[in-house]
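Per the UniProt record's numbering, the sequence shown starts with residue 1, numbered consecutively.
Glycine residues also receive a C-beta, built at the ideal position from the N, C-alpha and C atoms.
Working notes for the structure below.
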Amino acid sequence: MDIAMQIWNIDVPSLLESGTILHKWDEESSGVHECHFTVDRYGFFLAFREAEKEPSCIDLANVTEVKLGGVLPKDGKARSSLECSGPEPIKERVFTIIVSQNLVETTSIYLCSSSSRVAREWVEGLQQICNSVQATNLSVMTMLLKLYTKATSLKVNGKISVKSICKCFNCGKNYEKRILDGLQAMDLPHEKNEEIDQSLFTFEKLYQLYAKVCPRQDFDQIFTKWQAGKAPYITPTRLMEFLNTEQRDPSSNEILHPHCNKEKAIKIISKYENCKEMVKQGRMSADGLSRYLMSDENLCVKSEIFDVHQDMNQPLSHYFINSSHNTYLTGRQIGGKSSVEIYRQCLLSGCRCIELDCWDGPGDEPIITHGKAMCTNIMFKDVIEAIKETAFVTSEYPVLLSFENHCSKYQQYKMACYCTDIFGDLLLTLPLDSHPLEENQPLPSPNLLKRKILIKNKKLRPGQESYDTDSMTSSDSRKSSEVRLEDIKNVKPRMSKLSEDFDGEVREALREEDDGFVNILKKEKTLRSSISSDRSNHNTFDKRRHNFRQRRNSSVDAEDTSKRLNGCIAEEASTDDRNRNGDCVKDALKVFDAMISEMDSDSSDSKDDEKDCISITNICFTENDGMCPTLSRDKRTTRTLPEAEEMMKRKSSTASTDSTQSDDERDVKRSESFASFGSSIKIVQQRQNSQSSMDEVAEYLANYHHSASFGNIHPSLSCLVNYTQPIPFPGFEKSEETNLHYLMSSFNEVAAFSLLKGNPVEFVKYNQRQLSRIYPKGSRVDSSNYMPQVFWNAGTQMVALNLQTTDLAFQLNTGKFVDNGRSGYLLKPSVMRKSDKNFDPFTELPVDGVVATCISIKVISGQFLSDKRVGTYVEVDLYGLPTDTVRKKFKTKIINSNGMNPVYDSDEFSFKRIVLPELALLRFTVLDDSDRILGQRVIPISSIQPGYRHIPLWTEGCRPLPLSTLFCHISLNVYVFEGFSDVVDELSQPIKYQSAVEKRAEAICRIFDFEEDYDEVDTYPANTTNGFTQKSPKNSYNSLPLVNFPPNNRRESTVTLSLSSSASSLQFSAWIDRLPTQLESNLEAVNIEELKKDKLFTKLLKKHQKESDTLTKRLVKERTTLNKTHDAALEKLFVNAQKNKENEKKTFERARKKCR
């Protein structure tokens, strides 16, 4: 076990390792079982055993949460027995363990200890061990240690059954015989009903069994390549070369990551070589190399990703944030189930932005559900409590709550109370002093917002937030702030009185309009009632209508105000102007009807909480005045809010989006547009001047513009919003002009993609300054996801996904955010953060300041890919910028009937140029011959390590698969443009490059027989050393015209050739091109006979003849092979045709006999 301790070491509390008696039950079972629970010394498993039963264990890598409290058993006798098990109340001694296979499929195990102290120690101890990032990135040796620990945890009376060993390997019946044969080869009991003494079955024995069950011939090839000649070992010098050449990242800093020296190589040999004699001699055997390649020192990812290693002091807009869409849903968007537990699982997995769709619930309690989609409801309060408990377990960095607010003001007030009371100091209620909400002021950093919860919800203007909130908290005030459909019905008849004295045609037109308006309202009322009945609120509408009528009857001034208004208008209207005014009023009424129709059409593109206020220019409907239109000459008294003006401009914007709009319902027309209009009319009291003229009335109505406001937001909730204030997207120019970093916008995927296509550089600039959020379009009712990489390329911070769906987008998101300690925050590339850079995500050219990368991958083999004898193959894809993305191109050949240890030995998959490697993700997918995914893994290019590496595979739900790995060779290099490879080689390896150049120069000297005439050409400077002039010998490289070679210490210089005092291989090539022109006058004609006598010509002729013979032989061989293949295929077709012919003949004979 000493070897095992070198592999994996973790601190496990003594109480957990020694174990205690706990009572166990779950939601399905009715009984309570008394079991002895222990945690192994490595923290891999929670083992438990009930008296006279076989032991079981729980993989702690799948335990996502451990918390105090739980659901008590339903059986009364079981509860009584638990109460008698300890002196303290049972609720203080119960704790819960949550085991999950993904974010949706969870199982709760409830345990009860003898005291509250023991319960707290268990909870605190398990929380330190569970949900570890490193536990999902184990090496093969650690996996074997984990397998051995599981086998020993299942022992009975100090003996391990052969059956449990087979179960631990999880290789199924198809490969079970390999395990039994391996045990027999090691002279151990090998029958399934036999048992092995633990002292005989050590970790070393398990490692040997693994080598027999899954032979690794791929290691032998590597060992043969790097062994010392033909000797069966690797020397420290060769090991040092192997580590520096194959296993080292060429881009690593030589100071922080120095090259391997001989001393370090000897330490590696002593650590991983199992033979003591070899260690004494400083040699490594093939077994030692195998152990090293499967160790924790040879992980496929950099060890720094397990901790927070990035700069967390940048503004919040400079990070990618792990985000969720419709977090409460566990399945489909329509008819799906809502769950509180999935909020906990998302936060525990590292998600930092979650969504809460808030609606009015029964008993004046806000609920969370997918409105009008027949989804189940959960209580808002329960979700807030769950968020508080799990927000900062995995990550201490801020959590963003995206409220989709559909609640009335009273229930918004309750939402605000729940947030302040439950979150307490965790809730950020006021901006930081260092980062005020001012123009050109950047957002605070994640470090400044540690352990803080931020709310994203519509916000009122500062003046509106100062209203007295006491009046909002009472039920009467809440009801009085709601306007019903009957209120809207009263508006049109009162407006029709303006045309009382008009001719009959006008009155007839108005009557028809009234009838049509009322009919529409009746239909909307019926539809509203049907929708309300679906939500089990049958009497809500009638109750509200009754309350309104009581309130209207109690209003004394309503009728008087109406008469006074109509009287003023009647007095102002003269006989001469009746026709003109009649036309104006008629037009005004048409405008009003158009406004109502506009509300109906805009309801498909707007949210209920966006329709907070319908403001008519200088005409406001006052509920206290019986819903009479009130006129005002002073236009300043009725000016719209700045936020409302932004909403009006939204129609002319390039993308029609809203930050708090229902993510799924924006593209679907809702049926309650009129009801929403009626309940959102702003209550404003204005007094009009009795001298208002009919011209002004017509002008006011004709100039009406529909705009939204934030008047339906409760000040108590608005006060909680600071750095995440959502607004409709005003456009890139307007955003840059206002320069308010705390304003943010949300876009559905369609609108965002349109913006990205039309203004890619501007979109990146916008995301440098402000936050943005992308969510799936409403038509994705199956909770599918879009491709998140598209919007990561534009620097979008919150790319919200349906995390309940384990598709490709979910896997890319999970693989990306494992980095940086799974904190949920990833620093964007510097080119996306610098304001002086104009980054285009669609560029195909290298980015200024970014070193492009070239990566080559060779898939060598796979291990424990399937427990069935199926054919398998591997796909390797790259996701990044459009120019970097490569999909469905690279795949290995299919290895049939081998899911245990297939050897692919594929060609290298070369991704020749990755423009922005910091954004690129590499995905490995293992599929069977029916294209079913057996395992997958997504690794960022910036985190992967080169060399021979084992890549641990995950399930589609991103949970680790035991012992399932891919063995690959990965090469990382800097991308070099065509034509610059010589220059790069010259700079990176000057000695090697200069040696090659000298050899080429010598070859040139041998080709050309330089005469004395060249010595007479004084076109190059003489060599000077210590003040003396030296003459170069004849026929040397320095005697070449126009070329100057330093006579001494040539290898110490990076300069290889000098043409006119300049070192460049390109200039050397240019000189070669000019050489025939300069020597043309000195060359003599050579006949064929003399040329045949030349040795160099004869040598080249033989070489060409040899190559020709080789190509001829290859052609003949390939032709023969092709003929054989063709003949075999033809023979097969002929045989099949004969069989078909005979079968048809037999069928015909049988049919003829039946006919007789």
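Between S285 and V279, the CB-CB gap reaches or exceeds 7 Å. Around the Cβ of L1122, a 10 Å sphere holds fewer than 16 other Cβ atoms; the residue is exposed. As the crow flies, the alpha-carbon of R959 is around 49 Å from that of Q464. When the five nearest sequence neighbours on each side are left out, the beta carbons in the same chain lying within less than 7 Å of the beta carbon of I196 are those of K159, I160, V162, L188 and P189, in order along the chain. Following the DSSP letters along the chain, one finds F48 inside the beta strand (DSSP E) bounded by residues F45 to E50.
Across the structure, F48 and A151 are spaced so that their CA atoms are roughly 13 Å apart.
In the assembly as shown, Q1138 is an exposed residue. Its beta-carbon has fewer than 16 other beta-carbons within 10 Å. In the DSSP annotation of this structure, the continuous segment of the beta strand (DSSP E) that includes N405 starts and ends at V399 to N405.
For V761, the enclosing alpha helix (DSSP H) has its first and last residue at P760 to R769.
In the structure shown, the three-state DSSP call for K888 is strand. For N1140, the secondary structure class from DSSP, reduced to helix, strand or coil, is helix. With fewer than 16 neighbouring CB atoms inside 10 Å of its own CB, I1088 falls in the exposed class. DSSP lists no bridge partner for K757.
If you compare the alpha carbons of F909, S930, K225 and P776 with that of E355, the shortest gap goes to P776.
One Cα belongs to L826, the other to P315, and the distance between them is close to 12 Å. With respect to the 7 Å criterion, S897 and R932 are not classified as neighbours on the basis of their beta carbons. With distances taken between CA atoms, K734 lies nearest to R769 out of R769, E246 and A751. Judged by DSSP secondary structure, Q936 falls within the beta strand (DSSP E) whose first and last residues are I933 to P940. In the same chain as E341, and ignoring 5 residues on each side of it, the C-beta atoms closer than 7 Å to its own belong to T106, in chain order.
Under DSSP, P952 takes part in a beta bridge, and its partners are T965. The shortest C-alpha to C-alpha distance from T369 to any of E396, T390 and G331 is the one to G331. Counting along the chain, the unbroken alpha helix (DSSP H) around V118 starts and ends at S116 to I129.
Remark: C-beta atoms of S445 and N313 approach each other more closely than 7 Å. The closest CA to that of E438, considering only L329, Y723 and G795, is found on Y723.
DSSP places G862 within a strand segment (E or B) once states are collapsed to three. If you check the CB distance, L922 and I941 come in under 7 Å. Judged by their CB atoms, P728 and M744 are not nearer to each other than the 7 Å cut-off. Boundaries of the beta strand (DSSP E) around D928: L921 to D928. Partner residues in a beta bridge of C300, as assigned by DSSP, do not exist. A Cβ-Cβ distance of about 17 Å is found for the pair Y319 and Q789, leaving them out of contact under the 8 Å criterion. Apart from the 5 residues on each side of it in sequence, N322 sits with its Cβ closer than 6 Å to the Cβ of G350, C351, R352, F817 and G824 in its chain, given in chain order. For R238, no beta strand (DSSP E) encloses it; the enclosing alpha helix (DSSP H) starts and ends at P236 to T245. Burial is judged here by how many other beta carbons sit within 10 angstroms of a residue's own beta carbon; C214 has at least 16 and is buried.
In this structure the segment 166 to 186 does not lie against the segment 116 to 135, because fewer than three pairs of beta carbons, one per stretch, are closer than 8 Å. Bounds of any beta strand (DSSP E) do not take in T149; it lies within the alpha helix (DSSP H) bounded by V140 to S153.
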